[in-house]
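S.K.: Sharing a structure, written as C-alpha cells. Questions coming.
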Amino acid sequence: MNGNLLYTWKRKYESDPGNAFPGKGHMKPLEEENRRLRRELERAQRERDILKKAVGIFSKDPKRYSDL
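The numbers in the working numbering rise by one with no breaks, and the one at position 60 of the sequence shown is 62.
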C-alpha cells in the first residue's frame with residue numbers, strides 16, 4: 003500500500019467524514035442526483051427523437067394523415 007493512498011484517504015475523511023467512504027453501492031447525494039438527472043436527460047432525448055421522426059413522417063404526406 004502506498005503512503006500517498008493513506009494520505010488521500012485521510013484527507014477525504016477529514017474533509018467530509020460522513021461521505022468519505024460511502025461503500026459499494028452507496029453514492030453521495032450529489033452523485034445520486036447526477037445519476038438521476040442523466041437518466042432523465044436520456045429519456046427526454048429519446049422522446050425528442052421520437053417526436054422528430056413523427057414530424058418527418060407526418061410532413062411527407064399531410065393529406066394522408068389529415069383525418070387523424
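The beta carbon of each residue, even a glycine, is placed where N, CA and C say it ideally should be.
Check for me: the alpha helix (DSSP H) holding residue 60 runs from which residue to which?
M.R.: For the purposes of this step, residue 60 is taken as the residue at position 58 of the sequence shown. It spans 31-62 - the alpha helix (DSSP H) in which residue 60 sits, taken as one unbroken run.
S.K.: Would you kindly check if the distance between the Cβ of residue 37 and the Cβ of residue 29 is under 9 Å?
M.R.: Position 27 of the sequence shown, counted from the first residue, corresponds to residue 29. Position 35 of the sequence shown, counted from the first residue, corresponds to residue 37. Cβ distance < 9 Å, so residue 29 and residue 37 count as in contact.
S.K.: Could you check the C-alpha separation between residue 19 and residue 9 for me, to the nearest Å?
M.R.: By one-based count along the sequence shown, residue 19 stands at place 17. By one-based count along the sequence shown, residue 9 stands at place 7. The straight-line gap from Cα to Cα measures roughly 14 Å.
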